[in-house]
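See below for the structure under consideration.
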Amino acid sequence: MDFYNWMQRKYCFTDYQVKVFHYFIISIFSEISKFIIMGIFFYATGRLLYYLWGVCLLSLLRFYSGGLHCKTYMGCLFSSFAYMLMCVQLLPSFSVSRLLQLILLSAAIIIAYHIAPIPSVYRPTPTEEKTRQCKLQLFTIIFLYSILVFICPQNLFMLTGFWVIMIHTMQLIAAYLKKRR
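One gets my numbering by counting positions in the sequence shown from 1 and adding 152 to each.
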């Protein structure tokens with residue numbers, strides 16, 4: 153007898169509840185394994201702290217706005233790795249003036265507010281109230297980051313966060329356009 157059958161009998165779960173639990177377990181292990189694999193890479197390149205900072209910010213953004221979703225583990229790993237490689241390793245080497253960052257962050261606020269949230273096709277469409285809350289939270293996150301850009305000295309953490317928001321906004325636009333097709 154496998155674990156899921158045992159759990160279903162012991163706790164009187166429906167088939168649907170067992171499938172949801174199975175999906176939850178697979179999702180958690182998938183996310184943890186991707187996090188560790190990418191973490192090993194960024195540790196080896198000396199950018200682990202920037203990676204962790206980028207993941208924290210991206211997690212907040214994705215939670216409230218959604219975006220593009222991959223259908224396979226490898227597709228997700230590859231796109232997540234490419235995303236983080238750009239935000240942590242490649243793009244922060246380009247200097248962006250504080251003024252340009254603030255202008256682009258303002259544009260990101262407007263764009264995200266108008267098109268978010270974009271949930272996965274596997275999730276229910278959010279209610280109007282939930283959509284409003286997500287938009288407000290997303291606005292707050294990017295606005296507070298804009299304030300940090302304004303008052304904090306330029307450094308790799310700030311640039312990493314800036315690029316996380318910019319790339320996230322671009323993939324949000326792509327998800328929106330894909331959804332409209």
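C-beta atoms are modelled at their ideal positions from N, C-alpha and C, and glycine is treated no differently.
Worksheet entry | For Gly-313, three-class secondary structure by DSSP | By 1-based counting over the sequence shown, the position of residue 313 is 161. Helix, per DSSP.
Fill in: Per-residue burial, Ala-327 [other beta carbons within 10 Å of its own, 16 or more giving buried]
Along the sequence shown, read from residue 1 onward, the residue named residue 327 stands at position 175. Under this definition Ala-327 is a buried residue.
Item to complete: Would you give the residue range spanned by the alpha helix (DSSP H) that Cys-164 belongs to?
Response: Counting from 1 along the sequence shown, the entry for residue 164 is found at position 12. Where Cys-164 is concerned, there is no enclosing alpha helix (DSSP H), given that its DSSP letter is neither H nor E.
Practice prompt. Could you check which residue in Ile-263, Leu-311 and Arg-275 has the C-alpha nearest to that of Arg-199?
Written response: Sequence index remark: in the sequence shown, residue 199 carries index 47 (1-based). The option with the nearest alpha carbon to Arg-199 is Leu-311.
Fill in: Identified DSSP bridge partners for Ile-270
In the sequence shown, counting from the first residue as 1, residue 270 sits at position 118. Answer is Gly-218, bridged to Ile-270.
Worksheet entry | Extent of the continuous alpha helix (DSSP H) to which Leu-243 belongs | Along the sequence shown, read from residue 1 onward, the residue named residue 243 stands at position 91. Unbroken run through Leu-243: none, as it is neither H nor E.
Discussion item. With a threshold of 8 Å on Cβ separation, who are the neighbours of Phe-302 within its own chain once the five nearest residues in sequence on each side are excluded?
Written reply: The residue you call residue 302 lines up with position 150 of the sequence shown. Hits under 8 Å: Arg-250 and Leu-254.
Discussion item. Given 7 Å as the limit, tell me if Gln-289 has its C-beta closer than that to any heavy atom belonging to the ligand ATP.
Written reply: This structure does not include the ligand ATP; it has no bound ligands of any sort.
Item to complete: Pull up the distance between the alpha-carbon of Met-226 and that of Pro-305, whole angstroms please.
Response: Here the question's residue 226 lines up with position 74 in the sequence shown. Here the question's residue 305 lines up with position 153 in the sequence shown. Between Met-226 and Pro-305, the C-alpha separation is close to 38 Å.
Worksheet item: How many Å lie between Tyr-202 and Ile-188 at the Cα?
Response: Translated into positions along the sequence shown, residue 202 becomes position 50. Translated into positions along the sequence shown, residue 188 becomes position 36. Answer to the nearest angstrom: the Cα atoms are 14 Å apart.
Discussion item. If I measure Cβ to Cβ from Phe-295 and keep anything under 7 Å in the same chain, skipping five residues before and after, which residues do I get?
Written reply: For this step, residue 295 is matched to residue 143 along the sequence shown. Within the same chain, Phe-295 has close Cβ partners Ile-261.
Fill in: Unbroken alpha helix (DSSP H) run spanning Arg-284, endpoints
Taking the first residue of the sequence shown as position 1, residue 284 is located at position 132. From DSSP, the alpha helix (DSSP H) with Arg-284 extends over 280 to 303.
Item to complete: Please say whether Ile-270 and Ser-217 have beta carbons closer to each other than 8 Å?
Response: Here residue 217 refers to the residue found at position 65 when the sequence shown is read from its first residue. Here residue 270 refers to the residue found at position 118 when the sequence shown is read from its first residue. In contact: Ser-217 and Ile-270 (Cβ atoms closer than 8 Å).
Fill in: C-alpha gap between Ala-259 and Tyr-195, whole angstroms
Working through the sequence shown from its first residue, we reach residue 259 at position 107. Working through the sequence shown from its first residue, we reach residue 195 at position 43. The straight-line gap from Cα to Cα measures roughly 33 Å.
Worksheet entry | Alpha-carbon spacing of Asn-307 relative to Leu-212, whole angstroms | Your numbering for residue 307 matches position 155 in the sequence shown. Your numbering for residue 212 matches position 60 in the sequence shown. Whole-angstrom Cα-Cα distance: 21 Å.
Fill in: Pair within 8 Å by beta-carbon distance, Ile-267 and Leu-210
Here residue 267 refers to the residue found at position 115 when the sequence shown is read from its first residue. Here residue 210 refers to the residue found at position 58 when the sequence shown is read from its first residue. No, they are not a contact pair.
Fill in: Residues near Tyr-114 in its chain [Cβ-Cβ closer than 7 Å; skip 5 each side]
The shown model of the chain, from 153 to 333, leaves out residue 114, and the question about it has no answer.
Worksheet item: What span of residues does the alpha helix (DSSP H) with Leu-236 cover, start to end?
Response: Position 84 of the sequence shown holds residue 236. This sequence places Met at residue 236; Leu is not what is there. 225 to 236 is the span of the alpha helix (DSSP H), which, as asked, contains Met-236.
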